[in-house]
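Chains as they are written, first to last, in my numbering: chain A, 1 to 434; chain B, 435 to 868. C-beta: ideal position from N, C-alpha, C; glycine also. Just so we're clear, the structure is a prediction, and the values are computed from it rather than from any experiment. Report on the structure given below.
Protein chains: 2
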Amino acid sequence: IDDRQDDALHTMMEEVHYADIAEIINELNEDQATYLIKLLDSGKTSDVLTELDEDVREAILGNLSSKEIAGELEELDTDDAADIIAELPREIVQEVISEITDREHARDIVDLLRYDENSAGGLMAKELVKVNENWTVLTCVREMRHQAENVTRVHSIYVVDDEGILKGRLSLKDLLTASTKAPIREVYIPKVDFVNVNEKPEEVAKIMSKYDLEAIPVVDEIGRLVGRITIDDIVDVIREEADKDYQLAAGISQDVEADDSIWELTRARLPWLFLGLVGGVGAAAIMGGFESLISQHAILFFFTPLIAAMAGNVGVQSSAIIVQGLANDDLKGSITQRLVKEMMLAALNGLILAAVLLLFTWFWKGNLPTALAISISLIAVIVVAGIVGTFIPLFLHRRGIDPAIATGPFITTSNDIFGILIYFWIAKLLLGIG
Amino acid sequence: IDDRQDDALHTMMEEVHYADIAEIINELNEDQATYLIKLLDSGKTSDVLTELDEDVREAILGNLSSKEIAGELEELDTDDAADIIAELPREIVQEVISEITDREHARDIVDLLRYDENSAGGLMAKELVKVNENWTVLTCVREMRHQAENVTRVHSIYVVDDEGILKGRLSLKDLLTASTKAPIREVYIPKVDFVNVNEKPEEVAKIMSKYDLEAIPVVDEIGRLVGRITIDDIVDVIREEADKDYQLAAGISQDVEADDSIWELTRARLPWLFLGLVGGVGAAAIMGGFESLISQHAILFFFTPLIAAMAGNVGVQSSAIIVQGLANDDLKGSITQRLVKEMMLAALNGLILAAVLLLFTWFWKGNLPTALAISISLIAVIVVAGIVGTFIPLFLHRRGIDPAIATGPFITTSNDIFGILIYFWIAKLLLGIG
Chain A
1 IDDRQDDALH
11 TMMEEVHYAD
21 IAEIINELNE
31 DQATYLIKLL
41 DSGKTSDVLT
51 ELDEDVREAI
61 LGNLSSKEIA
71 GELEELDTDD
81 AADIIAELPR
91 EIVQEVISEI
101 TDREHARDIV
111 DLLRYDENSA
121 GGLMAKELVK
131 VNENWTVLTC
141 VREMRHQAEN
151 VTRVHSIYVV
161 DDEGILKGRL
171 SLKDLLTAST
181 KAPIREVYIP
191 KVDFVNVNEK
201 PEEVAKIMSK
211 YDLEAIPVVD
221 EIGRLVGRIT
231 IDDIVDVIRE
241 EADKDYQLAA
251 GISQDVEADD
261 SIWELTRARL
271 PWLFLGLVGG
281 VGAAAIMGGF
291 ESLISQHAIL
301 FFFTPLIAAM
311 AGNVGVQSSA
321 IIVQGLANDD
331 LKGSITQRLV
341 KEMMLAALNG
351 LILAAVLLLF
361 TWFWKGNLPT
371 ALAISISLIA
381 VIVVAGIVGT
391 FIPLFLHRRG
401 IDPAIATGPF
411 ITTSNDIFGI
421 LIYFWIAKLL
431 LGIG
Chain B
435 IDDRQDDALH
445 TMMEEVHYAD
455 IAEIINELNE
465 DQATYLIKLL
475 DSGKTSDVLT
485 ELDEDVREAI
495 LGNLSSKEIA
505 GELEELDTDD
515 AADIIAELPR
525 EIVQEVISEI
535 TDREHARDIV
545 DLLRYDENSA
555 GGLMAKELVK
565 VNENWTVLTC
575 VREMRHQAEN
585 VTRVHSIYVV
595 DDEGILKGRL
605 SLKDLLTAST
615 KAPIREVYIP
625 KVDFVNVNEK
635 PEEVAKIMSK
645 YDLEAIPVVD
655 EIGRLVGRIT
665 IDDIVDVIRE
675 EADKDYQLAA
685 GISQDVEADD
695 SIWELTRARL
705 PWLFLGLVGG
715 VGAAAIMGGF
725 ESLISQHAIL
735 FFFTPLIAAM
745 AGNVGVQSSA
755 IIVQGLANDD
765 LKGSITQRLV
775 KEMMLAALNG
785 LILAAVLLLF
795 TWFWKGNLPT
805 ALAISISLIA
815 VIVVAGIVGT
825 FIPLFLHRRG
835 IDPAIATGPF
845 ITTSNDIFGI
855 LIYFWIAKLL
865 LGIG
């Protein structure tokens, strides 16, 4: 590759899908990558650019002139072009946009830049086929042929009125069977799913996957058709959403990847570890308060990691189920019902586990009262942990906070402290000391 | 609803999307649900059926005759029909299939039943438009019109040879611009992405989302075109996959939902809690071995929950990043490089946390040597936890085991034990006691 065998490389790259080229380029150094990108046909370059890792793309674009960047953007759909522009340094955005020769394309891109990245507006593209309800079928077909040039795949034909307000959609079949002179008003289907520009991407994803849609029109506050979102963008949203929840549950607070720098990874991980540290110190302080127990009942202290671990595990299990139920919108019944169910579930699990622990501790130390005290505390700890794990995500959800934050370190830490407190308190009570 | 106001309900339901009707029916009792289902138009009923919860659907189908079920299945695409049949009791499957009047549809469904649910074959549908490379454009258009009747949305036209082997695809545009007498052989695009029937659904999902495909053809072992998978099925696969990984990380071993029975939930949760119990007992045993320390250095015991929590958190963080990297295929570099990086990352995090802990313990107990011993152990524990968290998923992946199983309770438990062992061992060494 370093020999710069232009021709051989060029023919080779012709054969390869742009997503694969992007993967190869991600692995190269900056010079090699820029060289390869410049070698590619323009149509392909732009597609490769959208697939690259953000930092690689940034480096490569830094080596291209504004004119070259503008050329690539012209080849892209407006949504991908807007995403790339949003990453460029402020100084050159203006320049790049002014270099785009297709002024309508430039206008569409600029429009898209105004929308919040985290909204339907930030996801949508301007490429769509729209027809006026007052046109005849004939005008419509002519106009469509013109519009379709800019649209890679026609998912649906949308019908608007003179104000640009979305009225419905048109099936290709109806269009072909209708008389050419009929006004569109008489043939279109008035029922169409749509989303508002301000809708959250997760909501759009839910709607599209619930109704199995491949594209959905986006309207502004007064119902005017402003763009459309396709299912491939939604697939990315679903993946990112899942990754984010998974990372939150694991105690990682930003969207990081294994290949990010140590500094970025530390910033994402340290806050949660800090929380754990505070929790641990709290637990230590609690145990310090029960120090007098240590001479007679040292064994109680040996089981604190067990109690803490069980409290944490049960809490994470309960909260994970609730968080998932909330995310998929399939929770039924009231909070009270849910808490009662979780309590029974935790009590059942607790009983089984406590019985096993009882036998073990009894045989190990031969001291039935202590073994009983530990096992009974375990049940109590598990039940409380289950309730806390169920209640916190439901509570956060009610308050409009993403409940995903509640799983992982947050639940673990608070349950550790609760658990240890309950454990020593019950043990002390049962063993009649203090 | 219980008043059986047939007409009013019927008109109401006409207006509602089938996915919403399914949601309503999921909330009703069996009688109400069956009543409502029978009220619907046949075309809608079948769509509603595919969207229902599995147990609700089972109950409703139990109240329908084989003939009625067969009628619904005729309305469905082959993939959805096969999914429903696969859930029916063995005795009536035969009967239902024999009641399907469209024999080709029945044959297709039976074909699909043979494929493993967890493979591309289990996901695909038989509905597709395929043309022979030896046909002329004219024959092709005529045939397509006939085939397209059975296909809701035409994603692509696939080209096969006389043996049925997939050769390529055809763009609608090329078809329309080519001379009607030209053989397909001369106009088709020989490059087409496809998957094997035995491919795992996750792999299909990766390929389709990487190349932004809306449909992909499926071929058998010798390359014959046997079906196609559409993006909406893949969206479901991605969601299920993410849910499964999330639950594994939270220590839930089967695909359960918050609304499943207490017994099912217990079966999914208990095994992992049991693991935690064993780990806790192990930790207790280790601490028992250091019992002699307790008289002079009780404070060491107070910090065991902290040590265990930190070891668990760091382990989960490291493994989650690796598991995600593996799932998204974006890990680069060798295992050694990764371990070295994780070691440095953990050491950095460990140093910062240890410094904070040192100050706190020193002020609390005024005993610098003990505080130092605890903090130094913390660093060692964090580094080891990071290495274990990185290594285990990579190791499992190498051995062909799903690394997602490694996050959550598995890592937490092993790191708890490791952590506590290292902690007491280092503390003993540093404090010079034995």
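Residue i versus residue j: straight-line alpha-carbon distance, rounded
| i | j | result |
| --- | --- | --- |
| A:Ala81 | A:Glu72 | 9 Å |
| B:Gln751 | A:Ile252 | 7 Å |
| B:Glu488 | A:Asp102 | 52 Å |
| B:Asn497 | A:Glu241 | 39 Å |
| B:Ile668 | A:Arg90 | 38 Å |
| A:Thr50 | B:Glu529 | 52 Å |
| A:Leu378 | B:Gly714 | 12 Å |
| B:Val817 | B:Gly556 | 44 Å |
| A:Phe360 | A:Ile420 | 20 Å |
| A:Glu214 | A:Ala327 | 21 Å |
| A:Leu345 | A:Tyr18 | 51 Å |
| A:Ala285 | A:Glu342 | 30 Å |
| A:Thr11 | A:Ile24 | 16 Å |
| A:Ile335 | A:Phe395 | 9 Å |
| A:Asp299 | B:Gly722 | Correcting the residue identity first, residue 299 of chain A is Ile in this sequence and not Asp. Taking the straight line joining both Cα atoms gives about 8 Å. |
| A:Asp220 | A:Lys130 | 15 Å |
| A:Asn313 | A:Ile405 | 16 Å |
| B:Gly868 | A:Pro369 | Residue placement at B:Gly868 cannot be trusted, given a pLDDT of 44 that sits under 50; what the coordinates show is reported in the next sentence. When rounded, the distance between both Cα atoms is 31 Å. |
CB-CB length for residue i against residue j, believed under 8 Å
| i | j | result |
| --- | --- | --- |
| A:Gly386 | A:Ala250 | Contact flag wrong, Cβ pair sits at about 21 Å. |
| B:Glu533 | B:Ser500 | 5 Å |
| B:Asn905 | A:Thr266 | Any property of residue 905 of chain B remains undetermined from this structure, which presents chain B solely from 435 to 868. |
Beta-bridge pairing of residue i - partner residues as DSSP gives them
| i | result |
| --- | --- |
| A:Arg269 | None, per the DSSP bridge assignment. |
| B:Leu547 | None, per the DSSP bridge assignment. |
| B:Gly661 | B:Val652 |
| A:Lys130 | A:Tyr158 |
| A:Ala125 | A:Arg228 |
| A:Leu170 | A:Ile157 |
Under 7 Å between C-beta atoms of residue i and residue j
| i | j | result |
| --- | --- | --- |
| B:Val594 | B:Leu546 | no |
| A:Arg185 | A:Glu257 | no |
| A:Val48 | A:Ala22 | yes |
| A:Asp232 | B:Asp693 | no |
| B:Val652 | B:Val631 | yes |
| B:Thr512 | B:Ile543 | yes |
| B:Pro739 | A:Ala311 | no |
| A:Ile426 | A:Ala380 | yes |
| A:Ser319 | A:Pro393 | yes |
| B:Ile650 | B:Asp627 | yes |
| B:Val621 | B:Ala554 | no |
| A:Arg228 | A:Leu128 | yes |
| A:Arg338 | A:Thr413 | no |
| A:Ala178 | A:Val137 | yes |
| A:Ile92 | A:Ala106 | no |
Amino acids of chain B, ordered along the chain, whose beta-carbon sits closer than 7 Å to that of residue i
| i | result |
| --- | --- |
| A:Pro305 | Gly714, Ala717, Thr738, Pro739, Ala742, Asp850 and Ile854 |
| A:Arg269 | Gln751 and Asn783 |
| A:Leu357 | Leu711 |
| A:Ala298 | Glu725 and Ile728 |
| A:Phe360 | Val715 |
Neighbour list for residue i in chain A, Cβ cutoff strictly below 9 Å
| i | result |
| --- | --- |
| B:Asp596 | Going along chain A, no residue has its Cβ under 9 Å from B:Asp596, so there is no contact; the nearest lies around 27 Å. |
| B:Asp679 | Ala242 and Tyr246 |
| B:Asn566 | Under the 9 Å cutoff, chain A gives no residues; its nearest Cβ is about 25 Å from B:Asn566. |
| B:Ile672 | Val235, Ile238, Arg239 and Ala242 |
Partner residues on chain A for residue i, Cβ-Cβ distance less than 8 Å
| i | result |
| --- | --- |
| B:Thr846 | Ala309, Gly312 and Asn313 |
| B:Val750 | Ala250, Gly251 and Gly408 |
Under 9 Å by beta carbon: chain B residues contacting residue i
| i | result |
| --- | --- |
| A:Ser156 | Going along chain B, no residue has its Cβ under 9 Å from A:Ser156, so there is no contact; the nearest lies around 11 Å. |
| A:Lys210 | His451, Ala453, Asp454, Glu457 and Glu485 |
Partner residues on chain A for residue i, Cβ-Cβ distance less than 7 Å
| i | result |
| --- | --- |
| B:Ser532 | Going along chain A, no residue has its Cβ under 7 Å from B:Ser532, so there is no contact; the nearest lies around 30 Å. |
| B:Leu699 | Leu345 |
Contacts of residue i in chain B (Cβ-Cβ under 8 Å)
| i | result |
| --- | --- |
| A:Trp272 | Asn747 and Gln751 |
| A:Met287 | Phe735, Phe736 and Pro739 |
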